[in-house]
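Numbering-wise, my numbering puts 105 at position 50 of the sequence shown, and it's gapless, one number per residue. Where is the CB? At the ideal position from N, CA and C, for every residue including glycine.
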Amino acid sequence: MKPATDYIRHAARLARKIQMDAAMGGTPQADAEFYKALAKALDEIAAGLELVSKSE
Numbered sequence: 056m057k058p059a060t061d062y063i064r065h066a067a068r069l070a071r072k073i074q075m076d077a078a079m080g081g082t083p084q085a086d087a088e089f090y091k092a093l094a095k096a097l098d099e100i101a102a103g104l105e106l107v108s109k110s111e
């Protein structure tokens with residue numbers, strides 16, 4: 056079974072958006088959507104690591 060990566064990619068996109076806003080002179084603002092996506096991404100990473108460790 057392939058580990059899910061949707062939220063990992065979504066969190067990466069949001070992080071890049073925040074970085075680009077800061078690069079354009081704005082104030083970087085990590086909003087609730089970013090933290091929600093980050094939390095789910097970390098859950099996906101943990102599940103993927105558990106999957107890999109079980110198969111070894």
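- When the Cα atoms are used, Ile73 and His65 turn out to be separated by approximately 12 angstroms.
- Taking a contact as a CB-CB distance under 8 angstroms, the pair Glu99 and Thr60 counts as one, their CB atoms being some 6 angstroms apart.
- Inclusion of Lys109 and Tyr62 in the CB contact set at 8 angstroms is not warranted, their separation being larger than that value.
- Bounds of the alpha helix (DSSP H) holding Gln74 are 61-78.
- Secondary structure at Ala102: helix, using DSSP grouped into helix, strand and coil.
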